[in-house]
Amino acid sequence: MAVLDLIQLSDEGAGDIVRRVPESGAGEFRLGSQLVVRENQEAVFMRDGKALDVFGPGRHTISTNNIPLLGGLIGSLFGGNSPFTAEVFFINLREFTNLKWGSAQAITYRDSELGMVRLRAFGTYSMRVKDSQLLVNQVVGTRGAYRTSDIEDFLRSVIVQEFTDTLGAVQTTLLDLPKMMSTISSSIRASLADDFAKLGFELTSFQIEAITPPEEVQALIDQRSGMAAIGNMDEYIKFQTAQGIKDAANNQGTAGDGASMGMGLGTGLGMAGAMAGAFKDAFSGDSNSGSAPAQPAPSGETKFCTECGAKIPADAKFCPQCGAKQG
Numbered sequence: 170m171a172v173l174d175l176i177q178l179s180d181e182g183a184g185d186i187v188r189r190v191p192e193s194g195a196g197e198f199r200l201g202s203q204l205v206v207r208e209n210q211e212a213v214f215m216r217d218g219k220a221l222d223v224f225g226p227g228r229h230t231i232s233t234n235n236i237p238l239l240g241g242l243i244g245s246l247f248g249g250n251s252p253f254t255a256e257v258f259f260i261n262l263r264e265f266t267n268l269k270w271g272s273a274q275a276i277t278y279r280d281s282e283l284g285m286v287r288l289r290a291f292g293t294y295s296m297r298v299k300d301s302q303l304l305v306n307q308v309v310g311t312r313g314a315y316r317t318s319d320i321e322d323f324l325r326s327v328i329v330q331e332f333t334d335t336l337g338a339v340q341t342t343l344l345d346l347p348k349m350m351s352t353i354s355s356s357i358r359a360s361l362a363d364d365f366a367k368l369g370f371e372l373t374s375f376q377i378e379a380i381t382p383p384e385e386v387q388a389l390i391d392q393r394s395g396m397a398a399i400g401n402m403d404e405y406i407k408f409q410t411a412q413g414i415k416d417a418a419n420n421q422g423t424a425g426d427g428a429s430m431g432m433g434l435g436t437g438l439g440m441a442g443a444m445a446g447a448f449k450d451a452f453s454g455d456s457n458s459g460s461a462p463a464q465p466a467p468s469g470e471t472k473f474c475t476e477c478g479a480k481i482p483a484d485a486k487f488c489p490q491c492g493a494k495q496g
């Protein structure tokens, strides 16, 4: 086995968190070997499964001066000059961004208004290595390489569990969740900090991109919004009626002022009634919603409006549907 006089890592991949030199087995080193650590790297020098020291960026000479424990381990066996076996773990200290998380299965949530609903959620997070020695000892072990893909599944399960616990403590309806997203994200990030720290990581950011109900729940929400619109229809009818009177008043000064007033009032009432019927039919599931509005039963002789053709009382001066003056 060749002695490694120069130990460095120059081909670090984008997703690499830890790389080991040598990648498998133990390497031959000796006092005086050069260790080169690049920017955004740390190197953990290990022998017999024990971390002897951690080196930051720069060029370091392996000696008993910068690794005091090394002297006791090799001095009596090799006289301090012969090669010895060891491993160096290079740690990538840059921030790993835009990592994905999401719920593989729907999460059951007790909604304060809709009852039990099932939700899905997804988002992103970022992290970096905070404690290199802890990471190597607790997570990496003797692996030759450790990448984000090796730990993402585990971290995803930790995040989803914390998300579920935090969401369960929020006593509200999913209709109000969007405005609470920032608060929920901050709470989850604070709770996850300890989980990441135990692995040697620091959670630098955490975002919830969306919390979505299944299609049937979304349809229920849409229906509720429609019913809310129907609940305000009385006010809408009053507004349309007043608008029709105002439009008629603006037509004063032209021929047939009385006729104009009648037409404006009739138009306002007719439009408001038609709108109310359309909304109510749409949300009540009426299969005849596309048909013409039903007319009141005649109480006597009738005739047809000369403008819109609607059946009206024979003595009507104006059509109650379109407001047109009758001859």
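Counting with this note's numbering, you get residues 170 to 496 for the letters of the sequence shown. All residues carry an ideal CB built from backbone N, CA and C; glycine is no exception.
For residue j and residue i, the rounded distance between their alpha carbons
{"i": "Phe265", "j": "Gln392", "result": "43 Å"}
{"i": "Thr410", "j": "Pro489", "result": "13 Å"}
{"i": "Phe323", "j": "Ser251", "result": "42 Å"}
{"i": "Gln387", "j": "Ser351", "result": "22 Å"}
{"i": "Ile231", "j": "Arg216", "result": "13 Å"}
{"i": "Lys480", "j": "Gln495", "result": "12 Å"}
{"i": "Asp364", "j": "Arg325", "result": "12 Å"}
{"i": "Val223", "j": "Leu283", "result": "55 Å"}
{"i": "Phe258", "j": "Leu288", "result": "42 Å"}
{"i": "Thr342", "j": "Ile276", "result": "14 Å"}
{"i": "Asp174", "j": "Gly201", "result": "8 Å"}
{"i": "Ser272", "j": "Leu346", "result": "17 Å"}
{"i": "Arg358", "j": "Thr233", "result": "42 Å"}
{"i": "Gly433", "j": "Leu389", "result": "At Gly433, the pLDDT of 48 sits below 50, so the modelled position is not reliable; the number obtained from the coordinates is stated separately. The straight-line gap from Cα to Cα measures roughly 38 Å."}
{"i": "Gln177", "j": "Leu204", "result": "6 Å"}
{"i": "Tyr294", "j": "Ala195", "result": "35 Å"}
{"i": "Ile186", "j": "Phe291", "result": "24 Å"}
{"i": "Phe253", "j": "Arg228", "result": "20 Å"}
{"i": "Leu361", "j": "Val206", "result": "30 Å"}
{"i": "Phe214", "j": "Val329", "result": "35 Å"}
{"i": "Gly310", "j": "Leu336", "result": "35 Å"}
{"i": "Gly184", "j": "Ser356", "result": "28 Å"}
{"i": "Ala379", "j": "Cys477", "result": "51 Å"}
{"i": "Pro226", "j": "Met349", "result": "42 Å"}
{"i": "Tyr315", "j": "Ser374", "result": "22 Å"}
{"i": "Leu221", "j": "Asp319", "result": "26 Å"}
{"i": "Lys269", "j": "Phe332", "result": "14 Å"}
{"i": "Ile414", "j": "Phe473", "result": "24 Å"}
{"i": "Met285", "j": "Tyr278", "result": "6 Å"}
{"i": "Gly182", "j": "Glu385", "result": "44 Å"}
Residue interval of the beta strand (DSSP E) (run including residue i)
{"i": "Pro482", "result": "480-482"}
{"i": "Gln376", "result": "370-381"}
{"i": "Gln340", "result": "Segment: none, Gln340 is in no beta strand (DSSP E) and carries neither H nor E."}
{"i": "Lys269", "result": "265-271"}
{"i": "Gln203", "result": "203-206"}
{"i": "Thr254", "result": "253-261"}
{"i": "Arg228", "result": "227-230"}
{"i": "Gly196", "result": "196-198"}
{"i": "Val308", "result": "Looking at the DSSP string, Val308 is not in any beta strand (DSSP E), and its letter there is neither H nor E."}
{"i": "Asp185", "result": "185-190"}
{"i": "Thr471", "result": "471-473"}
Span of the alpha helix (DSSP H) around residue i
{"i": "Gln330", "result": "317-337"}
{"i": "Lys348", "result": "346-366"}
Check: residue i C-beta below 7 Å from any heavy atom of the ligand MG
{"i": "Glu256", "result": "For the structure depicted, the ligand MG is absent and the ligand set is empty, with no information on it obtainable."}
Contact belief for residue i with residue j at Cβ below 8 Å, rounded distance in angstroms
{"i": "Asn209", "j": "Arg263", "result": "5 Å"}
{"i": "Ala483", "j": "Thr475", "result": "About 13 Å; that fails the 8 Å criterion."}
{"i": "Lys299", "j": "Glu371", "result": "4 Å"}
{"i": "Glu192", "j": "Gly313", "result": "4 Å"}
{"i": "Gln376", "j": "Ser281", "result": "Rounded, the Cβ-Cβ distance is 25 Å, inconsistent with contact."}
{"i": "Leu304", "j": "Gly369", "result": "3 Å"}
{"i": "Ser301", "j": "Ile236", "result": "About 15 Å separates the two Cβ atoms, so there is no contact after all."}
{"i": "Glu256", "j": "Arg188", "result": "Rounded, the Cβ-Cβ distance is 11 Å, inconsistent with contact."}
Per DSSP, cross-strand counterpart(s) of residue i
{"i": "Asp222", "result": "Phe214"}
{"i": "Leu175", "result": "Gln203"}
{"i": "Lys494", "result": "Phe487"}
{"i": "Ile276", "result": "Leu288"}
{"i": "Ala314", "result": "Arg188"}
Jot down the residue ranges of each uninterrupted beta strand (DSSP E) in the stretch 281-305, minimum 3 residues, whole runs only, in chain order. 284-298
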